[in-house]
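Undergrad: According to my numbering, the sequence shown is numbered sequentially starting from 2.
Where a beta carbon is used, it is the ideal one built from N, C-alpha and C, also for glycine.
This structure is in structure tokens; I'll ask about it shortly.
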Amino acid sequence: AVEAAGGGRGEVGKRPNEDTSGRVVLFTFFGELAEPVQKLGATAWAARGKLARDVKAYVVLVTGAVYSMPGRVTKVINNPRLHELVLQEEDPQALAAVVCGGAGALLG
Numbered sequence: 002a003v004e005a006a007g008g009g010r011g012e013v014g015k016r017p018n019e020d021t022s023g024r025v026v027l028f029t030f031f032g033e034l035a036e037p038v039q040k041l042g043a044t045a046w047a048a049r050g051k052l053a054r055d056v057k058a059y060v061v062l063v064t065g066a067v068y069s070m071p072g073r074v075t076k077v078i079n080n081p082r083l084h085e086l087v088l089q090e091e092d093p094q095a096l097a098a099v100v101c102g103g104a105g106a107l108l109g
């Protein structure tokens, strides 16, 4: 009765490590991994346009920021109110330390 039901080995008459032709398969890991990898590749291929758009937008943003920096720095350095503030400050080195520390804390 046990042999007729497959001996408790899954499908009737088929061993767990046999392929469809009856050969014993020793390494099933790669065969089981093939389908998820194919799905991953298909998803990545379908999303390639979005990645290209995202990279292009990031490059445009960073290039614009870098391009505008020299002009913005010149405006800040030549600001008469900033010169007044530094001249009125009793300890300009302490002011510079506070400004740099605050900027570092915001960026970090």
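What number of angstroms, rounded off, separates the C-alpha of P37 from the C-alpha of A58?
TA: Cα to Cα, the separation comes out at about 31 Å.
Undergrad: In terms of residue numbering, what span does the alpha helix (DSSP H) encompassing V100 cover?
TA: 93-108 is the extent of the alpha helix (DSSP H) around V100.
Undergrad: Considering only the beta carbon of each residue, do P93 and V87 sit closer than 8 Å?
TA: Taking 8 Å as the Cβ cut-off, P93 and V87 qualify as a contacting pair.
Undergrad: Hey, does V87 have any beta-carbon neighbour from chain C nearer than 8 Å?
TA: In the displayed structure, chain C is absent; only one protein chain is listed.
Undergrad: Can you tell me the Cβ-Cβ gap for L96 and E90, rounded? I've got them flagged as a contact below 8 Å.
TA: The Cβ separation is near 5 Å, so the contact holds.
Undergrad: Rounding to the nearest angstrom, what Cα-Cα distance links P81 and R73 in this structure?
TA: One C-alpha to the other measures close to 15 Å.
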